[in-house]
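In my numbering, the protein residues as written are 1 to 191. Note that the Cβ used here is the ideal one computed from N, Cα and C, for glycine as well.
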Amino acid sequence: MKNKKLIIYIHGWNSHKKARKAVLIADELKSNIDFEVCSLTLHHHPREAISQLTEIIEMERKNREVCLIGSSLGGYFSVYLAEKYNLKAAMINPAVWAYKIFKNNMGKNINGNTGVEYIVDDEWVNSLKEIFIEKITHENYLVLLQTGDETLNYEFAEKYFKGSKIEIDEGGNHSFENLESKIPNILDHFS
């Protein structure tokens with residue numbers, strides 16, 4: 001019997017493992033014979049989050065194929081990991097130049113889902129810059145964008161991922177409406 005492929009869902013900033021998209025994807029795939037879904041609450045510091053994800057990927061890829069679904073900041077993390085380990089990744093309204101975006105969030109922050117308080121400072125932002133990938137392997141990515149994303153301008157991702165498989169829906173929002181309709185496309189990309 002072959003091992004199921006592992007999909008790691010990588011949540012966005014100030015989110016957690018039980019985020020709406022993580023639960024939706026896990027529920028949609030709970031009886032799938034080819035894929036298993038894993039989601040974890042990431043550390044608030046990007047370096048620690050990457051360390052958590054690296055540990056899982058390195059352990060799991062010894063026995064089975066690993067794929068990534070990254071949402072928002074999780075998309076940014078996914079690019080770094082997909083390039084480092086040559087993994088397939090599906091991006092949901094991904095952040096592209098996160099180290100530039102977070103200059104606007106300097107100071108004290110709190111994850112409303114976990115209650116963890118932390119500081120976004122220059123070192124925190126620089127840790128995002130350290131993992132920025134300038135040139136990507138286009139065939140690794142399926143990019144799902146909605147023009148109504150109120151948090152991130154979808155055109156930045158459209159430009160950055162040009163040459164990858166990109167699906168742009170009119171309207172929608174940052175949390176990505178009707179994600180369940182995209183799951184067959186995601187699985188097709190991972191197959």
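Nearest C-alpha to Val143 among Lys88, Val116, Glu117 and His11: Lys88.
According to DSSP, residue pairing for Asn109 in a beta bridge involves Tyr118. In the DSSP annotation of this structure, the continuous segment of the beta strand (DSSP E) that includes Ala90 starts and ends at Lys88 to Ile92.
Under the three-state reduction of DSSP output, Ser181 falls in the helix class. Here DSSP, grouped into helix, strand and coil, assigns Ser71 to strand. Check the Cα spacing between Lys129 and each of Ile50, Ile25, Ile8 and Cys38: the tightest is with Ile50.
In this structure, Ile69 lies near Ile92, with their beta-carbon atoms less than 9 Å apart. In the DSSP secondary-structure assignment, Gln146 is bridged to Asp169. Ile186 carries a helical assignment under DSSP once its states are collapsed to helix, strand and coil. DSSP lists no beta-bridge partner residue for Lys129. Around the beta carbon of Pro184, a 10 Å sphere encloses fewer than 16 other beta carbons of the protein chains shown; the residue is thus reported as exposed.
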